[in-house]
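Count along the sequence shown from 1, then add 7; that gives the number in the working numbering.
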Amino acid sequence: MLALCALEQYALEVRDVRLLAVCTNTLYRVRGTDGTGAEASYVLRVCTPGWRTLTDLRSEAMWLGALGRDTDIGAPVPVAARGGGTLVEARVDGVPGSRHCLLMSWLPGPLLASRLTGANLFAMGVLFARLHAHGARFVPPEGFTERRMDHEYARGEEDVLFACQEGFTARTRDVLDRARIEVEGAFERLYAGPGLQVIHNDLHHENIKLYRGRLLPFDFEDTIWGYPVQDIAMALQDLMIDVPPEAYDPLLAAFRQGYETRAPWPEGYEGQIDTFRVGRMFWVTNYVSRYQRKYLREHLDRTAAMFERYLDTGQLRKA
């Protein structure tokens, strides 16, 4: 078992290993005793080859380590292997190639996704402000990523958005063209200014746990250089998709109120966050065009309706 091969490289006495989830990576819950003999629980991530680079994974561990040393935010803490590093490489017969693996402290509690209340969105806003404060003062060690979220395809994804012309009508093509001009202008203006810092870039409500009144963030593998408005946009886009239309604005207001207890709201102008949410929707649409082309026409019709409302009002909302 590849997970056991990875765990042999840590100073643990493993008592139990159970499959937790198979998504973009494979996750295991690990129970045992640490080097001091204390009972402990962990999560082992077996990383899917090609999903994130080794630099991405090392950068995640670097920032998590700093958060653990500098704050009580409660993010997972990487566990050092016997060799001193946090990432290990595991290989077993029957599995082609090797896998990078990361062992981290276990976070208890349900996902925030199951508790989307105003009070919890207020707390989520506080959490974001605290993470942004740390990301702004974080001094990265040597080898930390230089990748910037300066385009909707920041990880080098192939742009095939308009490759499937039969998926478009004249209307949907026109709407997407106009929306893309807005997004590209927003990127250009943002990255011409100061304030670039480390951000999580994927801290939506399914990457936060709720335990005894505290919100605990995880899944930092998208760590990148960017701006707080982009970090917030990523989270709010997933929130809008997952809640009823009438619930979004009250939850957004609660999030903003929480954020502003710790820091000024980071939008440079009204509608800036929604413009970057549109950019995220371009990424999703490009993904559908690449991998789910049979659904492209239906997806474009829904997307164009939301983009039309955005172009008319400056707000991105469900149609």
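Glycine residues also receive a C-beta, built at the ideal position from the N, C-alpha and C atoms.
- For the set Thr176, Gly75, Glu277, the Cα lying nearest the Cα of Pro83 is the one of Gly75.
- Thr268 sits exposed, since fewer than 16 C-beta atoms from the chains shown fall within 10 Å of its C-beta.
- Gly92 is not a Cβ neighbour of Pro56, given a cutoff of 8 Å.
- Sequence-distant partners of Arg89 (beyond 5 residues in either direction) whose C-beta falls short of 8 Å from its own C-beta, in its chain, are Gln16, Tyr17, Ala18.
- Following the DSSP letters along the chain, one finds Asp23 in no alpha helix (DSSP H) but inside the beta strand (DSSP E) bounded by residues 20 to 29.
- Take the alpha-carbon of Leu259 and the one of Arg22: they are about 43 Å apart.
- With contacts defined by Cβ atoms closer than 8 Å, Ala143 and Gln204 form a contacting pair.
- With contact defined as three or more Cβ pairs closer than 8 Å, the segment 110 to 130 and the segment 201 to 219 are in contact.
- Beta bridge pairing from DSSP links Leu94 with Leu109.
- In the structure shown, Pro257 falls within a helical segment according to DSSP collapsed to helix, strand and coil.
- When the beta-carbon positions are compared, Val133 and Phe314 stay at least 8 Å from each other.
- Residue environment for Gln322: exposed (fewer than 16 other C-beta atoms within 10 angstroms of its C-beta).
- Unbroken alpha helix (DSSP H) stretches of 4 residues or longer found wholly inside the segment 256 to 320: 279 to 298, 303 to 320, given in chain order.
- A contact between stretches requires three or more CB pairs, one per stretch, nearer than 8 Å, and the segment 274 to 284 fails this requirement with the segment 147 to 155.
- Using a 10 angstroms sphere on the CB of Pro85, the tally of other CB atoms reaches 16 or more, which defines it as buried.
- Restricted to the segment 213 to 249, the alpha helix (DSSP H) segments that are unbroken, complete and at least 4 residues in length are 235 to 249, listed in chain order.
- Taking C-alpha positions only, Ala326 is separated from Phe175 by approximately 19 Å.
- Judged by DSSP in its simplified three-state form, Gln204 adopts strand.
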